[in-house]
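Residues 1236 to 1678, numbered by this note's numbering, are exactly what the sequence shown covers, in order.
The beta-carbon is built from N, C-alpha and C at its ideal position, and this holds for glycine as well.
Have a look at the structure below before the remarks.
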Amino acid sequence: MKKSKTLIIGAGLAGLSASFFLKRDYRIFEKEATPGGLCRSRHFNGYTFDYDGHLLHFRDKDILNLVQKLMGGNLICTRRNSWINSFGCYTRYPFQANLFGLPKNVIKECVLGFIDAQLNGNVNKYNQTNFKQWTLRTFGPGIARHFMLPYNNKFWTIPAHRLTCEWVDGYIPIPSIKDVLGGTIAQSKKRFGYNAQFWYPRKGGIENLIFALRRRIKNNIHTLHQVAEIDLKTRTVTFCNGRKARFINLISTLPLPEMLKLIPHLPPKIKAALSKLKYTSVFCLNLGVARGNISDKHWVYFPEKKIIFFRVGFPHNFSSALVPPGKSSLYAEVSYSPDRPVNKKDLVKRILKDLRKVEILSAADTIEVCEPVDIEYAYIIYDRNYTESTKTIREYLNQHHIYPIGRYGRWKYMTMEDTILDGKKIAEVLQGDKIAQGCLREK
Ligand SMILES: Cc1cc2nc3c(=O)[nH]c(=O)nc-3n(C[C@H](O)[C@H](O)[C@H](O)COP(=O)(O)OP(=O)(O)OC[C@H]3O[C@@H](n4cnc5c(N)ncnc54)[C@H](O)[C@@H]3O)c2cc1C
């Protein structure tokens, strides 16, 4: 049995990033035939779809430089053109800064509530409240009622009072009173939020980032190796194909609940923490439509309950190379969880019906590609058990030199940029041979 200093399980973006930065004495194992995980793309009759919309946003200059270098010229930067559909009309994202176009009584309720909240609320106390209270204190009852609460309930599948605010910082823009007032008389030109612009491959879909990384990693990715068991005593991973591999350090990018199930005899404390991890799933319907420019937008949020999807995106506007000439593509996303199950039997029909209802599709449209993707682990739910449970599990794993990273390993709301950074961070810690618990703790 071969022994490597570091084994990496899962060759999605996190595993590939860790490999890229580790450079030596590691092997990486992946259950699928191809690496990439959620960052793979699929190709049908001249259309390219990612598993769901996958756009790059950068806050870290070094990661932007790295990705630009990796991708050569195959990367374009585009200014976001995103909208909200409610009250039968489209308003620009973010809702709170672009009330222009909504019914007058809605604008009045939103503006008065926002001014009152900003002048009298307790707006920045993320940690001391739940998401519902924070929203009401920060934005007031109008913006809360007409967008924030219905949209987030649809997206997270649980009521806002059960969510904490641990994920909010940096993701929800808080405009000034001046911005909100300005946004009632015209569409705001200001760029709000971390995703005001996005980067995307000119050709071939998001999997080109995976190809670029893979080209730089030595040939030690072992595909079709699904981990069946992790033995902590002998530090051995057993694969479904019967092979075994020993490790000193194990980097796991598998969804945390799935990885823990592979460890026999978990202590009751860890089993209890595991039972408290909550997540949403996303059913994403990818469509290729034989009509040019069905929308000029990049993506649209749908907060209203009567529409089943929470968001629709238009890949043909990310890059024209994703569709055959004169055609369009879109994806519609539906969130579900044990708290809000969906009937999958009728889901495609229901999505198509609602796409016609909101006039994105017309009855005359020919749908050339209809490819659903069901993503079981999509968004980690931050509830009141989140911090304690993840801390307990992480400490237990770290004691055994197992380092969970990536969006589902670390069990954290992470973008692709965060995931690349996470791979870099673990490589730096292990490469320096300073297996310092402090370096691996959450911020
Ligand atoms: C709906 C949705 C939309 C998103 N949109 C964006 C976006 O627009 N921009 C952005 O920056 N990020 C986006 N993300 C986040 C992005 O997908 C993640 O940050 C990133 O892909 C996570 O990579 P990962 O390697 O941590 O996980 P994964 O991609 O899940 O990789 C885990 C790997 O482990 C493998 N594996 C699982 N079990 C086993 C096993 N038993 N044995 C061996 N291998 C196994 C899997 O096959 C997979 O390859 C989105 C995510 C979702 C769900």
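- Beta-carbon to beta-carbon, glycine 1272 and leucine 1248 are separated by about 6 Å, close enough to satisfy the 8 Å threshold.
- Judged by their CB atoms, serine 1321 and proline 1538 are nearer to each other than the 8 Å cut-off.
- With contact defined as three or more Cβ pairs closer than 8 Å, the stretch 1605-1612 and the stretch 1514-1527 are in contact.
- Alanine 1379 has its alpha-carbon roughly 12 Å from the corresponding atom of isoleucine 1342.
- Between the C-alpha atoms of phenylalanine 1255 and glycine 1375 there is a straight-line separation of about 46 Å.
- With a minimum length of 4 residues, the unbroken runs of alpha helix (DSSP H) contained wholly in the stretch 1248-1326 fall at 1248-1257 and 1296-1306.
- Assigned with DSSP and collapsed to three states, tryptophan 1534 falls in strand.
- No Cβ-Cβ contact shorter than 8 Å links leucine 1371 with leucine 1665.
- Taking the Cβ atoms as the reference, valine 1569 lies roughly 22 Å from leucine 1557, outside the contact range of under 8 Å.
- In the DSSP assignment, glycine 1375 falls within the unbroken alpha helix (DSSP H) covering 1366-1378.
- In the structure shown, the three-state DSSP call for lysine 1588 is helix.
- As DSSP reads the structure, valine 1472 sits in a beta bridge with Ile1465 and Ala1480.
- Your pair isoleucine 1602 and isoleucine 1529 does not check out as a contact, with CB atoms roughly 11 Å apart and the cut at 8 Å.
- Around glutamate 1464, the same chain offers Thr1473 and Leu1497 as residues with beta carbons nearer than 6 Å, after the five sequence neighbours per side are excluded.
- Closer than 7 Å to some heavy atom of ligand 1: that does not describe the Cβ of isoleucine 1445.
- With 16 or more other Cβ atoms inside 10 Å of its own Cβ, proline 1329 counts as buried.
- Straight-line measurement puts the Cα of leucine 1416 at about 13 Å from the Cα of leucine 1337.
- Judged by DSSP in its simplified three-state form, valine 1608 adopts strand.
- Residue Phe1264 holds the alpha-carbon nearest to the alpha-carbon of leucine 1459 among Phe1264, Lys1659, Gly1658 and Gly1250.
- Classified as buried, alanine 1352 has 16 or more neighbouring CB atoms from the shown chains inside 10 Å of its CB.
- Contact between the stretch 1281-1295 and the stretch 1408-1424 is absent, with fewer than three C-beta pairs closer than 8 Å.
- Within its own chain, the residues whose Cβ lies closer than 6 Å to the Cβ of isoleucine 1655, once the five positions on either side in sequence are excluded, are Ser1252 and Ile1298, listed in chain order.
- For glutamine 1432, the shortest separation between its Cβ and any heavy atom of ligand 1 does not lie below 7 Å.
- DSSP places tyrosine 1621 inside the alpha helix (DSSP H), whose first and last residues are 1621-1634.
- Per DSSP, the unbroken alpha helix (DSSP H) holding alanine 1352 starts and ends at 1339-1355.
- As computed with DSSP, tyrosine 1614 is found in a beta bridge with Thr1515.
- Assigned with DSSP and collapsed to three states, isoleucine 1452 falls in coil, not helix or strand.
- Note on leucine 1495: 16 or more other CB atoms within 10 angstroms of its CB, so buried under the neighbour-count rule.
- With a threshold of 16 other beta carbon atoms within 10 Å, glycine 1658 meets it and is buried.
- If you draw a straight line from the Cα of proline 1503 to the Cα of leucine 1632, it is about 14 Å long.
- With fewer than 16 other CB atoms across the displayed protein chains lying within 10 angstroms of its CB, glutamine 1634 is exposed.
- In this structure, alanine 1508 places its C-beta atom within 8 Å of the C-beta atom of isoleucine 1628.
- Sequence-distant Cβ neighbours of leucine 1485 in its own chain, meaning closer than 6 Å and more than five residues away, are Leu1242 and Ile1637.
- Look at lysine 1438 here: in three-state DSSP terms it is coil, with no helix or strand label.
- Comparing C-alpha distances from tyrosine 1261 to each of Asp1287, Phe1482, Asn1387 and Arg1277 shows the shortest one belongs to Phe1482.
- Around the beta carbon of leucine 1384, 16 or more other beta carbons lie within 10 angstroms, which makes this residue buried.
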